[in-house]
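Asker: Residue numbers (the numbering used here): 185 to 464. Ideal placement from N, C-alpha and C gives every residue a C-beta, glycine not left out.
Shown next as C-alpha cells:
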C-alpha cells in the first residue's frame, strides 16, 4: 500500500522498448517497490488511453542479476516473454558493462549474452513437450494435436499451438488466432502461430499472442515454432524465422533453445499521478 501511495504522489518511471516490433513497457522496481495490479497493467497497455504494449515487464531484485515478471495487455500474467527478456538483458548489460547475465523468471533461470553487432541472445531453456507440462487438458500426441490442421503443441514457460501452412500470409489471423486461443484443449489458453517452411533452415511465421492479439513478433513463439518444425522433420534445429517485425534466429541446443535478435530502447518516461489515479 505504501508503494502505491508513493507512486500516486510522484508518478511511475518506465522505459518503452521493442524487439522486432514486439513492444514492451518496462518498469524498474529494483530501487522502489512497485505493485502491478491487473487494472494497472490493462490501463498502461491501452494504446489510446495509456502507453500501449504487447507485454509489461517488471525488473525486480533477486539472487541473480535480476528477476523478471511479465504481464499481458489484458492484465493476465505470463511466465515467459522472450523478446522482453532480450530487451531487458541488453539494458542491464549496458548498465553493468557485463556481456553475460543470469536472469530468473517464473519459467526458471535464463542466461543471456551479448551476441555482437547489437544482437542479444537469451537461452529460453528446454522446451516442454509432454502434454501435462504445456499444459493440455488431456493426454494427446503433442506432435500432432487432434485439431483441424494437426498443429503441434509446445511449452516454453507458456503454451503454444503451431500450425504449419502453405502460405502464412493467406491466413486471416485475427479470426484464426482468436478461435484457437481459447480451444478447450488448452486450459490456460494458448499462443497461436501460423508457420510456412521456406527451407530446411528458414521459416516465415505470424503470431497471435494470448491476452494480446496479433503481434509483430514473439520470442517464445519463435522458439516454440522452431522446436515444432524440428520435431516434425521440417527443418533442422537451427533456423531463421522471418516475422512481421523482422528476423530472429533460433538454435535448439542441448542446453535449451537460444534466441538471438535485435532490441531497441525507444524512450523513457513517467506515468503521471493523474493518469495512475484515473485507473482507480
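Quick one, which of 205, 443 and 402 has its alpha-carbon nearest residue 298's?
Answerer: Closest option to residue 298, Cα to Cα, is 443.
Asker: Locate the beta strand (DSSP E) running through residue 252, then write down its first and last residues.
Answerer: 250-256
Asker: Can you tell me the Cα-Cα spacing of residue 280 and residue 349, whole angstroms?
Answerer: Those two C-alpha atoms are separated by around 43 Å.
Asker: For the alpha helix (DSSP H) holding residue 223, just list the boundary residues, first then last.
Answerer: 222-229
Asker: Taking DSSP as the reference, what is the three-state secondary structure of residue 456?
Answerer: Looking at residue 456 - three-state DSSP - the assignment turns out to be coil, as it is neither helix nor strand.
Asker: Taking C-beta to C-beta, are residue 208 and residue 264 nearer than 9 Å?
Answerer: Not closer than 9 Å, so no.
Asker: Would you say the beta carbon of residue 194 comes nearer than 8 Å to a heavy atom of the ligand FMN?
Answerer: Absent from the structure shown: the ligand FMN. Ligands present: none.
Asker: Between the region 286-298 and the region 196-203, can you find at least three pairs of beta-carbon atoms closer than 8 Å?
Answerer: Short answer: they don't touch.
Asker: Verify whether the separation of the beta carbon atoms of residue 238 and residue 338 is less than 9 Å.
Answerer: Cβ atoms of residue 238 and residue 338: not closer than 9 Å.
Asker: Let me check one thing: in DSSP terms, what residues is residue 379 bridge-paired to?
Answerer: 348 and 389
Asker: Within a Cβ cutoff of 6 Å, which residues of the same chain sit near residue 429, ignoring the five residues on either side of it in sequence?
Answerer: 204, 205, 400 and 401
Asker: Can at least three beta-carbon pairs, one atom from the region 271-290 and one from the region 406-425, be found at a separation below 8 Å?
Answerer: no
Asker: Is the beta carbon of residue 346 sitting closer than 9 Å to the one on residue 379?
Answerer: yes
Asker: With distances taken from CA atoms, which of 213, 260, 227 and 234 is nearest residue 245?
Answerer: 213
Asker: Return the bridge partner residues of residue 437 from the DSSP annotation.
Answerer: 440
Asker: Assign residue 312 to buried or exposed, taking buried as 16 or more other Cβ atoms, counted over all protein chains shown, within 10 Å of its Cβ.
Answerer: buried
Asker: Go to residue 275, then tell me how far its alpha helix (DSSP H) extends in each direction, as first and last residue.
Answerer: Where residue 275 is concerned, the enclosing alpha helix (DSSP H) stretches over 266-280.
Asker: Suppose you measure from the CA of residue 233 to the CA of residue 455; what does that come to, to the nearest Å?
Answerer: 12 Å
Asker: Pick helix, strand or coil for residue 419, following the three-state DSSP scheme.
Answerer: Here DSSP, grouped into helix, strand and coil, assigns residue 419 to coil.
Asker: Which residues does DSSP pair with residue 241 in a beta bridge?
Answerer: 210 and 254
Asker: I'd like the list of long-range same chain contacts for residue 403, defined as Cβ closer than 6 Å, with 5 residues on each side in sequence excluded.
Answerer: 266, 267 and 443
Asker: Assuming residue 277 and residue 450 form a contact by the criterion Cβ under 8 Å, report the distance between their Cβ atoms to the nearest whole angstrom.
Answerer: With a Cβ gap of about 18 Å, residue 277 and residue 450 do not count as contacting.
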